[in-house]
Amino acid sequence: MAELTALFRPQSVAVVGASKQPGKIGNAVMKNILASGYRGAVYPINPKESEILGVTCHPSVSAVPANIDMAVLSVPAAQVLAVARECGEKKVKALTIITAGFKEIGKEGLDLEKKLLLLCSQYDMRMLGPNCVGLMDTHTPINASFAATFLSKGEIAFLSQSGAILLAILDWSETAELGFSKVVSLGNKADLSEIDFIEDAANDPYTRVILCYIEDIVDGPRFIEVAGRAAKKKPVIVFKSGVSQAGAQAASSHTGALAGSDLAYDTAFEQCGVIRAHSMTELFDLAVAFSKSAIPAGDRVAVVTNSGGPGIIATDNIEMLGLQMARFEKNTIEELRANLPQEAGIYNPVDVLGDAGVDRYEFALQKVMEDSNVDSVLVLVCPTAVTQPVEVSHTILRARDAYPGKPVFAAYTGGQSLAKGAGLLSGAGVPCFTFPEPAIVCLKGLNSYGQYLNARAVADERVLAGVDQKTVKAVFYDATRDHRLILLGSEAAEAANAYGIPTAPIVLATTPEEAVEAADKMGYPVVLKASSPKILHKTDVGGVIVGINSAAEVQKAFIEIMESVHRYLPKVVIYGIEVQKMKEPGTELIIGMTRDLQFGPLIAFGLGGIYVNLLKDVAFRLASDLKNAKKIEEMISETKAYTLLKGYRGEAPKDMAAVIDVIRRTALFVTDFPEITEMDINPLFAYKKGVSAVDVKITIS
Ligand code: ACO
């Protein structure tokens, strides 16, 4: 993004609200810009002063006798609009607005922020903030912020929606000896957001890793597109806070309840190759790992340890996170057996035993590194009287240098006695932790990223046949005219059917005679169901009778259902009785959708039937990621339903292509009709040949 040059590499900067008074933000910003070694022109703006910190001061932006690329505003909120307008007139290219008192304080502030945004777009100015700490770039260099410290140069770009977290991290990074290419305090993100800065950092030659702390993403589809492109160039690691179950509680469909409110973020991040951190510690552990380590070729990890316990912990965590314990080649095992003591563990983990000196580590490490079944190595060291941590560290560094494609991580579990060895590793670029778990989290992150980089792009397949938007529109129109947002079963089936989703024939009858006529037409056996969007669990109120084989039975069942529902729910309006062709049972599946505010439709697939919420055998994807059969089959394969569909215990395999087709059509259906807020097809019966949607629920807005 060329526009951001004015923020990160301005030729000239004005500080509006610059102050002589120490302790004021306008003073701190001035001091920071001057102290950062910034080589462009600096113009303090303050009507009361002629000079600030030795620099000529101007009464207003318009009084500056030169062009200004960026203006940093630290004047009270009430002054911001007027100053911004003046900047616009002066053709300032970008604003960094530190001032608070905008949307974060409520309606009045939001109105002010909207006016500010409008003004910026009128004058073609980009804006960082308001309500932010500012920004820094170590390569320009410039520190246009009120942080207490400047950064060490490095290759990490850090974008933070919280100013306080950013300030804390800057302070901490000094002790942690972490360097940055740039940091940005995003503030209220009125104009520029993390998306713009991710795009910029992806093209920044000084940035190797992009780190974000965010609380929300406003434009989900754009985030997926931009972050996905950025992640193909360099790792994007995000810690998103604000995980909550509130959304899940509010959901009325199975799919909504299963998804929860945060799942869309997980799904979206996975789709665009963003690595998700789950804490600040993880965010920075991953940052170190990604900036220092190679990307492994696969997920097979070898563990070398001098003690059993940490080896077991490592093994558990490797499996829990979906990585694999490497299975060594025959030759490796033979060599380890021949050269290590008899009591040593020669499979994985390789346990060189508590009395191991550096020699055993050296040998074991050499063997696992050269094994072609090993993609990465974790070295564990516990302090015993004979442990040689510094020597072991030198050995690890030599191994790392000899096999640059295989990441090596270490966990030195202990205190002072291991500190020197651990420090040696960290200083030389081998991530070294106190305990094994964070090392494995990092290996998992590296591996996921490697998979994203290696995934081949698959072309979208467009569903063309059997899509009838007119019918769907008519169904929705009838329901809304009738003041209903939950469609009747027959309506939902008609709409789904119009998108080529095979549904069991279903007709709404308002009299026993109509029911008989419908049943005669579709053929027996049939099922009769009370038709009312207000009844969530029809069976519980005697609202469903199955296995009806004759006209007389239809008549009888019609009356029985009406009486039973009235007895249980005297006030509920029944629209009639649905007569549905009874389908032979197949493998029961669920395909559903819940709509995420940021990312749009989220599709669920899994084992269906009445135990859906109990079994929780579901995989999720954003509808935007389900445009070809390969991606859909990948989603299906994450569930146990996949095993059933493939033919479990001698059963005939089910029609996978038909299941894939229904998922694809459901994704298209809910994308084409944004008014669908929730949808469940449960169950969808899958047969040897074909599928049938037996119950379709659709809620519209
Ligand atoms: N043009 C030029 N200078 C002006 C103008 C103007 N239009 N209006 C005022 N000034 C001068 C003032 O005279 C003053 O100069 P002085 O120190 O010589 O008297 C200076 O600008 C600052 O104005 P003050 O009225 O003194 O305002 P103050 O410095 O107290 O506060 C500030 C301004 C810092 C922007 C405040 O309104 C604010 O928003 N504070 C919160 C900032 C914040 O927290 N941001 C979010 C960070 S994220 C986090 O939470 C960590």
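What the sequence shown shows, in the numbering used here, is residues 3 to 703, in sequence order. All residues carry an ideal CB built from backbone N, CA and C; glycine is no exception.
Practice problem: Measure from the alpha carbon of E208 to the alpha carbon of each residue in F241, P143, G611, then state which is nearest. | Solution: Position 206 of the sequence shown holds residue 208. At residue 208 the sequence reads Tyr, which differs from the Glu that was named. It is P143.
Self-check item: Contact test: A166 Cβ vs the ligand ACO heavy atom, cutoff 8 Å
Solution: Numbered from its first residue, the sequence shown carries residue 166 at position 164. A166 Cβ: within cutoff of the ligand ACO.
Exercise. Would you mind stating whether T334 and V370 have Cβ atoms separated by less than 9 Å?
Key: Here residue 334 refers to the residue found at position 332 when the sequence shown is read from its first residue. Here residue 370 refers to the residue found at position 368 when the sequence shown is read from its first residue. The answer is yes: Cβ separation under 9 Å.
Quiz item: At a cut-off of 8 Å, is I70 close to the ligand ATP when judged by its beta-carbon and the heavy atoms of the ligand?
Solution: The ligand ATP is not among the ligands present in this structure, which contains only the ligand ACO.
Quiz item: Is N456 buried or exposed, if buried means 16 or more other CB atoms sit within 10 Å of its CB?
Solution: Against the sequence shown, residue 456 aligns to sequence position 454. So N456 counts as exposed.
Self-check item: Given 8 Å, three or more beta-carbon pairs between the stretch 448 to 455 and the stretch 284 to 296
Solution: yes
Practice problem: Would you check whether the ligand ACO has a heavy atom nearer than 8 Å to the C-beta of T101? | Solution: In the sequence shown, the residue the question calls residue 101 occupies position 99. Yes, the beta carbon of T101 sits closer than 8 Å to at least one heavy atom of the ligand ACO.
Exercise. In the DSSP assignment, find the alpha helix (DSSP H) that holds F478 and state where it starts and stops.
Key: Locating residue 478 in the sequence shown gives position 476, counting from the first residue. Taken as a continuous stretch (DSSP letters only), the alpha helix (DSSP H) holding F478 covers 471 to 483.
Quiz item: Hey, D674 and P685: beta-carbon distance below 9 Å or not?
Solution: Numbered from 1 along the sequence shown, position 672 holds the residue referred to as residue 674. Numbered from 1 along the sequence shown, position 683 holds the residue referred to as residue 685. Not in contact: D674 and P685 (Cβ atoms no closer than 9 Å).
Quiz item: How many whole angstroms separate the CB atoms of T589 and K642, which I take to be in contact at a CB cut-off of 8 Å?
Solution: Looking up residue 589 in the sequence shown gives position 587. Looking up residue 642 in the sequence shown gives position 640. About 11 Å separates the two Cβ atoms, so there is no contact after all.
Quiz item: When every heavy atom of the ligand ACO is checked, does at least one fall within less than 8 Å of the C-beta of Q81?
Solution: Locating residue 81 in the sequence shown gives position 79, counting from the first residue. Correct: Q81 has its Cβ closer than 8 Å to the ligand ACO.
Quiz item: Excluding the five sequence neighbours on either side, which residues of its own chain have a C-beta within less than 7 Å of the C-beta of E51, listed in chain order?
Solution: Taking the sequence shown and counting its residues from 1, one reaches residue 51 at position 49. Taken in chain order, the residues that qualify are K22, C59.
Self-check item: N- and C-terminal bounds of the beta strand (DSSP E) containing Y414
Solution: By one-based count along the sequence shown, residue 414 stands at place 412. Element bounds for Y414: 410 to 414.
Quiz item: A65 lies in the beta strand (DSSP E); which residues open and close that run?
Solution: Position 63 of the sequence shown, counted from the first residue, corresponds to residue 65. Following the DSSP letters along the chain, one finds A65 in no beta strand (DSSP E), marked with neither H nor E.
Quiz item: Which residues mark the beginning and the end of the beta strand (DSSP E) in which D139 is found?
Solution: As a working mapping, residue 139 is identified with position 137 in the sequence shown. Element bounds for D139: 136 to 139.
Quiz item: At what residue ranges does the stretch 34 to 104 contain a whole run of the beta strand (DSSP E), taking only runs of 3 or more?
Solution: 43 to 47, 72 to 75, 96 to 99
Self-check item: Residue from V240, D301, A621 whose Cα sits closest to the Cα of C274
Solution: Translated into the one-based positions of the sequence shown, residue 274 becomes position 272. Of the candidates V240, D301, A621, the one whose C-alpha sits nearest the C-alpha of C274 is V240.
Practice problem: Measure from the alpha carbon of Q418 to the alpha carbon of each residue in K408, C444, P391, A441, then state which is nearest. | Solution: Here residue 418 is taken as the residue at index 416 of the sequence shown, counted from 1. Taking only the C-alpha atoms, the option nearest Q418 is P391.
Quiz item: Quick one: Cα of L172 to Cα of G310, how far?
Solution: The sequence position of residue 172 within the sequence shown is 170, counting from 1. The sequence position of residue 310 within the sequence shown is 308, counting from 1. Spanning the two alpha carbons is a distance of roughly 38 Å.
Exercise. May I have the straight-line CA-CA distance separating Q251 from K155, to the nearest angstrom?
Key: Taking the first residue of the sequence shown as position 1, residue 251 is located at position 249. Taking the first residue of the sequence shown as position 1, residue 155 is located at position 153. Confidence at Q251 is low in this model, with a pLDDT of 45, below 50, so its placement is unreliable and the value that follows should be read with caution. Their backbone Cα atoms lie some 46 Å apart in a straight line.
Quiz item: DSSP three-state call for N205: helix, strand or coil?
Solution: As a working note, residue 205 is residue 203 in the sequence shown. Looking at N205 - three-state DSSP - the assignment turns out to be coil, as it is neither helix nor strand.
Quiz item: How close, in whole Å, do the beta carbons of K236 and I212 come, if the pair is a contact with beta carbons under 8 Å?
Solution: Residue 236 sits at position 234 when you count from the first residue of the sequence shown. Residue 212 sits at position 210 when you count from the first residue of the sequence shown. At roughly 6 Å, the Cβ-Cβ gap stays under 8 Å, so K236 and I212 are in contact.
Quiz item: Would you say C134 and I99 are within 9 Å of each other, going by their C-beta atoms?
Solution: In the sequence shown, residue 134 corresponds to position 132, counting from 1. In the sequence shown, residue 99 corresponds to position 97, counting from 1. Yes.
Quiz item: Using DSSP with H/G/I as helix, E/B as strand and the rest coil, what is Q273?
Solution: The residue given as residue 273 occupies position 271 in the sequence shown. Helix.
Quiz item: How many Å lie between Y454 and K234 at the Cα?
Solution: Here residue 454 refers to the residue found at position 452 of the sequence shown. Here residue 234 refers to the residue found at position 232 of the sequence shown. Going from the Cα of Y454 to the Cα of K234 covers about 8 Å.
Quiz prompt | Where V17 falls: helix, strand or coil (DSSP) | solution = The residue given as residue 17 occupies position 15 in the sequence shown. V17 falls in the strand class under three-state DSSP.
Quiz item: Pick from K632, I683, G652, M681: whose alpha carbon is nearest that of A659?
Solution: The sequence position of residue 659 within the sequence shown is 657, counting from 1. If we check each option's Cα against that of A659, K632 comes out closest.
Quiz item: For V558, which of E515, T596, N69 has the nearest alpha-carbon?
Solution: In the sequence shown, counting from the first residue as 1, residue 558 sits at position 556. Reading the sequence as shown, one finds Lys at residue 558 and not Val. Among E515, T596, N69, the Cα nearest to that of K558 is on E515.
Quiz item: So M66 packs on L75, CB below 8 Å; how close in whole Å?
Solution: Translated into the one-based positions of the sequence shown, residue 66 becomes position 64. Translated into the one-based positions of the sequence shown, residue 75 becomes position 73. Correcting the residue type first, residue 66 is Val in the shown sequence and not Met. At roughly 14 Å, the Cβ-Cβ gap does not stay under 8 Å, so V66 and L75 are not in contact.
Quiz item: Just the Cα atoms here: how many angstroms apart are C384 and G692?
Solution: The residue you call residue 384 lines up with position 382 of the sequence shown. The residue you call residue 692 lines up with position 690 of the sequence shown. Cα-Cα distance, rounded: 59 Å.
Quiz item: For the candidate residues A316, A688, S243, whose alpha-carbon lies nearest to that of M282?
Solution: Reading the sequence shown from its first residue, position 280 is the one you call residue 282. Of the candidates A316, A688, S243, the one whose C-alpha sits nearest the C-alpha of M282 is S243.
Self-check item: G111 CB to nearest heavy atom of the ligand ACO below 8 Å
Solution: Sequence index remark: in the sequence shown, residue 111 carries index 109 (1-based). Not so, every heavy atom of the ligand ACO lies at least 8 Å from the Cβ.
Practice problem: With DSSP as the reference, label R666 as helix, strand or coil. | Solution: Your numbering for residue 666 matches position 664 in the sequence shown. R666 falls in the helix class under three-state DSSP.
Quiz item: Between which two residues does the alpha helix (DSSP H) harbouring A724 extend?
Solution: Missing from the structure shown is residue 724; the chain here goes from 3 to 703 and no further.
Self-check item: For V556 and I550, believed in contact at Cβ under 8 Å, the rounded distance
Solution: Indexing the sequence shown from 1 puts residue 550 at position 548. Indexing the sequence shown from 1 puts residue 556 at position 554. That belief holds up - the Cβ atoms of I550 and V556 are roughly 6 Å apart, short of 8 Å.
Exercise. Would you tell me roughly how many angstroms separate the C-alpha atoms of A521 and I579, rounded to the nearest one?
Key: One-based indexing of the sequence shown puts residue 521 at position 519. One-based indexing of the sequence shown puts residue 579 at position 577. For A521 and I579, the distance between alpha carbons rounds to 12 Å.
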